[in-house]
Amino acid sequence: MAASTDMLEREATLQGLGTSRLRKEDARFIRGKGTYIDDIKLPGMLFGAMVRSPYAHARIKSINKDKALAVPGVVAVLVADDLKPVKLDWMPTLGSDVQAVLADEKVCFQLQEVAMVIATDRYAASDGADMVEVDYEELPVLVDPHKAMDADAPIIREDIADKDEVGHGKRTHPNHIFTWEAGDKDATDSVFANAEVTVKEEILNPRVHPCPMETCGCVASFDKVTGQLTVYITSQAPHLVRTVVAMLSGIPESKIRIIGGDIGGGFGNKVPIYPGYVVAIVASIVTGVPIKWIESRIDNISTTGFARDYHGIGELAADKDGRIKALRFTALADHGAFNSHVSATKLPAGLFSICTGSYDIPTAYCRVDAVYTNKAPGGVAYRCSLRVTEAVYLIERMMDVLAQKLSIDKAEIRRRNFVNADKFPYSTSLGWTLDSGDYHTALEKVLQAVDYEGLRKEQAEKRAKGELMGIGLCTFTEIVGAGPTKVCDILGIGLFDSCDIRVNPTGSAIARLGTMSQGQGHATTYAQIIATELGLSSEEIQIEEGDTDKAPYGAGTWGSRSTPVAGAAAAMAARKIRAKAQAIAAHLLEVGEGDLEWEIDRFNVKGNPAQSKTMKEIALAAHTGDLPDGMEQGLDATEYYDPPNMTFPFGAYVCVVDIDRFTGETKVRRFYALDDCGTRINPMIIEGQIHGGLTEAFAVAFGQAIPFDENGNHLGNSLMDYFLPTAVETPHWETDHTVTPSPHHPIGAKGVAESPHVGGIPCFSNAVVDAFAHLGVTHMDMPHTAFRVWQQCKALGINTR
Amino acid sequence: MIPREFDYHAPQSIPDALGLLAQFGDEAKLLAGGHSLLPMMKLRLAEPGHLIDLGRIRELQGIREDGDTLRIGAMTTENQLIWSQLLQDKCPLLVEGARLISDPQVRYKGTIGGDISHGDPANDHPALMLALGASYVLQSASGERVVSADDFFVGMYDTLLQPDEIMTEIRIPAPAQGTGYCYAKLKRKVGDFATAAAAVTLRMQGETVQEVAIALTNVGACALRAREAEDALRGKTLDDAALAEAARLAMSICDPVEDQRGDVEYKTAMAGEMTRRALSTANSRATH
Ligand SMILES: Cc1cc2nc3c(=O)[nH]c(=O)nc-3n(C[C@H](O)[C@H](O)[C@H](O)COP(=O)(O)OP(=O)(O)OC[C@H]3O[C@@H](n4cnc5c(N)ncnc54)[C@H](O)[C@@H]3O)c2cc1C
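Same order as they appear, the protein sequences are chains A and V. Sequential numbering from 1 applies to the first sequence in our numbering. Sequential numbering from 1001 applies to the second sequence in our numbering.
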């Protein structure tokens, strides 16, 4: 008894894996002690203000800097021609394309970067930016991606008009970027041709933006004496930035230091390299003083890292019992004016081929055609590993469409098609190996929790009275943790990640990783992993990320890859340390290593637990001369971890909505989210991630969109229109979980932060459409604003009394 | 999002403020809570060379009762309206309306005088004032005049306020005991302007409408008084047919501008729906 109490206490002091310990970073953040990019102030620092194009497509006939240069405080005005001598007028993108750093001869989207005014303060810089005179000649504008490949479509990219490929295979039109396919087209077509039932639906994932609280920005500081370039930057992937800057500038990578600092939210918006960063760097190299550039909110929403804009067509073939025989999904992807979306070299449409979802679908084919339009570049941001939201949205919507067609209950259609728990690891017809899952258990648990039968009964009663109530289901499978280097690389760099741990003589430790927290709580969760692996208190394990001079190389934090990849690296590095510690313990206790067993925070001699060495004792010993022969001092290890597979978190969600048919307003009455992310490191942090992801899913489903008029002008790019829900609008979230560990991850963990976003969006849409299902409606595109839902009511003639 | 350079003045009295207005003329702008003016300056849609801050002028503060009239200083903030027990007792419509304006941060700074003077058809106070039969005190170097809310709004951002005038006070005849009221506002989220809204005051005699005022927000160049709807209701029972007719007549005067909140048809329909809801709620609150 006594022994076990003691063990529980020792376990508790670690605050390791599975405990909901408070976040170590929060004391700093809630006291205003964070250091965000705009908090960085360096001596002699100048400010850059961007001059942006008012037109979506226009030729630049001339730029006159004189009046701007005459504004007091203005030091310089940089335009494309000024970047040419240093060969930085164009830059490579993370999508195998090139992008104009400052518009060269023509602008291709509204608010494109045309010039940067450098001045002594940001007021003078703004005054100067107002005085730069640009003479434009307007060109015909291409807004609708469906018209991008028309014979008479305006050509957007004259710079590559004669190139028959931009990194991803043959192009068939000057506005064509790539066509990507997966699966077996012929086999799929033939199943469709002979199927008992087929369904088809056009489904749009509108252009949205993650809109992190902190906009993008940087402070670039080049020291002309040492040749050292330091860049403080809002980047989710500082090492990738360092490599790109080295490639671009010719400065040796060893003389470039990229510092991520604290980041006020990223959600994918802060993965790409933006023109503002590059111009600030050039300006600092030229002037030799630090240059700060900070985006405004409107600039952020309008020009940096949008998401989606996937115009999909979903098709399923099934038997009359609703068992799916084949899937055919295609999408037209609007990538804007440059293909600067982040993509692994071999995966231009990201992980879209996860679109078979949680279902056992024997035959499938999918295809994505990407095109240029006169809109800002981007496409993969927003809490999603590269097109997973689009894929999951399609399959989860199509499951409902099929259920409606066959008059099968929407839970039942899922049950009939789930991959059975005994089939894992399961190979999908589009080539992924789902590591683990138990979909039936998750769904049944949720249906019971919300009394699904009761809800359906209530819905029938409401319908009889002419009221609109909808029940949405979503049983998604996510794919996160990019990724195995044989599948995933960016600019040739594999997407491994890393952890470097150093244990101090007194038994505290510091660990550095190649990832970059933007609010996810890395300082806490990584410490908890290491705490449990090493038997040291997470309170005394310091986590550092984001400073490329300190951290080992890694691909950063995006696509829910931190826990699956860097978290694994942390566990593996800790295990290397524990192996060395075991050798030291054996030496100190004068027994063989095999005679020892690990217990929470120490090695015990098997059968004689009174004889033991704690990790703290071993840490001290590691710094003395009393070590096994030939062993070096120190207790450090570094791990570069290349995951054998992605991880596949999943979940079952239910949403209940009531719709006011006279105003079109939707009220989310209930949202129940069960997530399975494998081993749970810090349940409180997981819960926080789920609340955040669901809230962002709610935002996308009910209001977010970046609309344009036919001239490519933005119609809603400030927070007046772009929907960021407050606590008042946000529904109450109920959360639940099951635990199905990943078999290939060292601690069985999968990612979680994206799941609620990826799974939440279709769940909301399914609920809204379900409210109209009895009236024959099979699909409604997002966002489900009051206005748009009212239009649906009107089309059905139910908007009046 | 960076305004042009300007000079800042903080007069302590109305005469001082009027003096500065006279001195700088077109170059000057009065600054109240700043929540309409400063966003326009940041977008460089307004570029005044001088800001005359009314924030230090005592005479522009305060809410008091003067016989049957409620007198509200132009610089009274939305939150001060909301917190006023006097208004809660005597003019709950104004409290209900103020609560629906923007978000708590804006309500700490934004003023009733600024909200009215700005002449923005999306602002909520203009319709509330119409429904309450308010009048405004406008002061200039040559004296003061009192204009009725019904006459004040001329068009989009256009009011009777002259460049040399300051709105000093809002006067509201205290609604009779038992007056029903409601401000029904449809908006997309906290902090949003109305897609459409309706302000109603209503006096009932038994089941018939004795007196009613209906005013609409954000469905025209300025706040609209729905007089035909009012006329149609007087002497009637507020049954479904009467509500439908009032909504129809209210909709007939709407001329909204399409934006992200919706198109002309939707906004017009919502003005009707808000009218209907405001009337029903006002009826349920009125003494019969
Ligand atoms: C995010 C956001 C949401 C909002 N939502 C709403 C909403 O839902 N409903 C709503 O009604 N308003 C809304 N507003 C506007 C807000 O209520 C403003 O505070 C109000 O419109 C202006 O009042 P102010 O005191 O801030 O005036 P200021 O912005 O200081 O001034 C506005 C104009 O009035 C003039 N002015 C001010 N006071 C006087 C005076 N005493 N005499 C003469 N001229 C004067 C100024 O010169 C200026 O031209 C919103 C504002 C924001 C930023």
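Positions of the beta carbon are idealized from the N, C-alpha and C atoms, including for glycine.
Output needed in chain order: residues of the stretch 105-125 of chain A with a Cβ under 9 Å from some Cβ in chain V. Residues of the stretch 105-125 of chain A with a C-beta atom less than 9 Å from some C-beta of chain V are Arg122, Tyr123, Ala125, listed in chain order.
Under 8 Å between the Cβ atoms of Gly322 (chain A) and Ile408 (chain A)? With a cutoff of 8 Å on beta-carbon distance, Gly322 (chain A) and Ile408 (chain A) are scored as near each other.
Chain-ordered residues of the stretch 716-732 of chain A with a beta carbon less than 7 Å from chain V: Those residues of the stretch 716-732 of chain A that come within reach of chain V (Cβ to Cβ, closer than 7 Å) are Gly716, Asp721, Phe723, Pro725, Thr726, Val728, Glu729.
Just mark Gly664 (chain A) as buried or exposed, buried being the case when its beta carbon has 16 or more other beta carbons within 10 Å. Buried is the call here.
Rounded to whole angstroms, what is the Cα-Cα separation between Lys325 (chain A) and Ala337 (chain A)? C-alpha separation (whole angstroms): 38 Å.
Is the shortest distance between the beta-carbon of Phe703 (chain A) and the beta-carbons of chain V less than 8 Å? Note on residue identity: the sequence assigns Gly, not Phe, to residue 703 (chain A). Interface criterion met: the Cβ of Gly703 (chain A) is under 8 Å from a Cβ in chain V.
Here's the rule I'm using: 16 or more other beta-carbon atoms within 10 Å means buried, otherwise exposed. How should Met399 (chain A) be labelled? Within a 10 Å sphere around the beta-carbon of Met399 (chain A) sit 16 or more other beta-carbons, which makes this residue buried.
CB-CB under 6 Å to Gln791 (chain A), same chain, minus the five flanking residues each way: which ones, in chain order? Closer than 6 Å at Cβ, skipping near neighbours: no residue.
Near Asp547 (chain A), what residues of its chain come up, given a Cβ to Cβ distance below 6 Å and the 5 sequence neighbours on each side ignored? In its chain, beyond the 5 residues on either side, Ile259 have a beta carbon closer than 6 Å to the beta carbon of Asp547 (chain A).
For Thr1268 (chain V), decide whether its Cβ has a neighbour in chain A, counting only Cβ atoms nearer than 8 Å. Cβ-Cβ to chain A under 8 Å: no for Thr1268 (chain V).
Let me know the secondary structure DSSP gives Lys147 (chain A) once reduced to three states. Note: Lys147 (chain A) maps to helix in three-state DSSP.
Check whether the Cβ atoms of Cys216 (chain A) and Tyr274 (chain A) lie closer than 8 Å to each other. Yes, the Cβ-Cβ distance between Cys216 (chain A) and Tyr274 (chain A) is below 8 Å.
Nearest residue (CA-CA) to Glu1005 (chain V), options V:Lys1042, V:Ala1250, V:Cys1091, V:Gln1023: The shortest Cα separation from Glu1005 (chain V) among V:Lys1042, V:Ala1250, V:Cys1091, V:Gln1023 belongs to V:Lys1042.
Between the CA atoms of Ile156 (chain A) and Gly514 (chain A) - distance to the nearest angstrom: Going by the C-alpha atoms only, they are around 37 Å apart.
Pro707 (chain A) touches chain V at which residues, Cβ-Cβ below 8 Å? Within chain V, the residues near Pro707 (chain A) are Gln1260.
Taking 7 Å as the cut-off, does the CB of Leu1224 (chain V) come closer than this to any heavy atom belonging to ligand 2? Summarising the ligand content, the structure contains ligand 1 and does not contain ligand 2.
Is DSSP giving Ala753 (chain A) helix, strand or coil here? In this structure, Ala753 (chain A) counts as coil in the three-state DSSP scheme.
Output the residue ranges of the alpha helix (DSSP H) runs that lie fully inside the stretch 508-587 of chain A and measure 4 residues or longer, sorted by chain position. Taking only runs of at least 4 residues, the alpha helix (DSSP H) segments lying wholly in the stretch 508-587 of chain A are 522-534.
Partner residues on chain A for Lys1189 (chain V), Cβ-Cβ distance less than 7 Å: Correct list: Phe723, Pro725, Thr726, Glu729.
If Ile203 (chain A) and His691 (chain A) are in contact, beta carbons under 8 Å, what's the gap, nearest whole angstrom? Not quite, the Cβ-Cβ distance comes to about 27 Å (not below 8 Å), so this is no contact.
When you compare the CB of Phe662 (chain A) with every CB in chain V, is at least one pair closer than 8 Å? By this cut-off, Phe662 (chain A) is an interface position.
Say yes only if the C-beta of Ile1082 (chain V) is nearer than 7 Å to one or more non-hydrogen atoms of ligand 1, and no if none qualify. Remark: the C-beta of Ile1082 (chain V) is outside contact range of ligand 1, defined as less than 7 Å to any heavy atom.
Where Glu1096 (chain V) meets chain A, residues with beta-carbon distance less than 8 Å: What Glu1096 (chain V) touches in chain A: nothing, since even the nearest Cβ is about 16 Å away.
Could you name the residues of the stretch 290-308 of chain A whose beta carbon sits closer than 8 Å to any beta carbon of chain V, in the order they occur along the chain? Cβ contacts with chain V come from Ser296, Arg297, Ile298.
Any C-beta of chain A under 8 Å from that of Leu1160 (chain V): No - not a single Cβ of chain A is within 8 Å of the one on Leu1160 (chain V).
Express the C-alpha separation of Asp1150 (chain V) and Thr303 (chain A) in angstroms, rounding to a whole number. Separation of Thr303 (chain A) and Asp1150 (chain V) (C-alpha to C-alpha, rounded to the nearest whole angstrom) is 45 Å.
Name the residue from A:Ala49, A:Asp319, A:Phe603, A:His146 whose alpha carbon lies nearest to the alpha carbon of Thr373 (chain A). Ranking the options by Cα distance to Thr373 (chain A), first place goes to A:His146.
Assess contact between the stretch 169-182 of chain A and the stretch 107-114 of chain A, defined as three or more Cβ pairs (one per stretch) separated by less than 8 Å. Is contact present? Too few Cβ pairs lie closer than 8 Å, so no.
If the cut-off is 9 Å on Cβ atoms, which residues from the stretch 1180-1206 of chain V count as contacting chain A, listed in chain order? Listed in sequence order: Leu1186, Arg1188, Lys1189, Val1190, Gly1191, Asp1192, Phe1193, Thr1195.
8 Å contact criterion, which Ile1052 (chain V) and Ala1028 (chain V) should meet: CB distance rounded: Yes, they are in contact, since the Cβ atoms of Ile1052 (chain V) and Ala1028 (chain V) sit about 6 Å apart, within 8 Å.
Step through the CB atoms of chain A and report whether any lies within less than 8 Å of the CB of Glu1078 (chain V). So, not an interface residue.
Please classify Gly1180 (chain V): does DSSP put it in a helix, a strand, or coil? Looking at Gly1180 (chain V) - three-state DSSP - the assignment turns out to be strand.
Taking only the alpha-carbon atoms, compute the straight-line gap between Val700 (chain A) and Asn269 (chain A) and give it to the nearest angstrom. Whole-angstrom Cα-Cα distance: 15 Å.
Have a look at Gly678 (chain A) and Thr740 (chain A) and give me their C-alpha separation to the nearest angstrom. Whole-angstrom Cα-Cα distance: 5 Å.
Can you give me the start and stop residues for the alpha helix (DSSP H) that Phe702 (chain A) sits inside? DSSP places Phe702 (chain A) in the uninterrupted alpha helix (DSSP H) bounded by 683-702.
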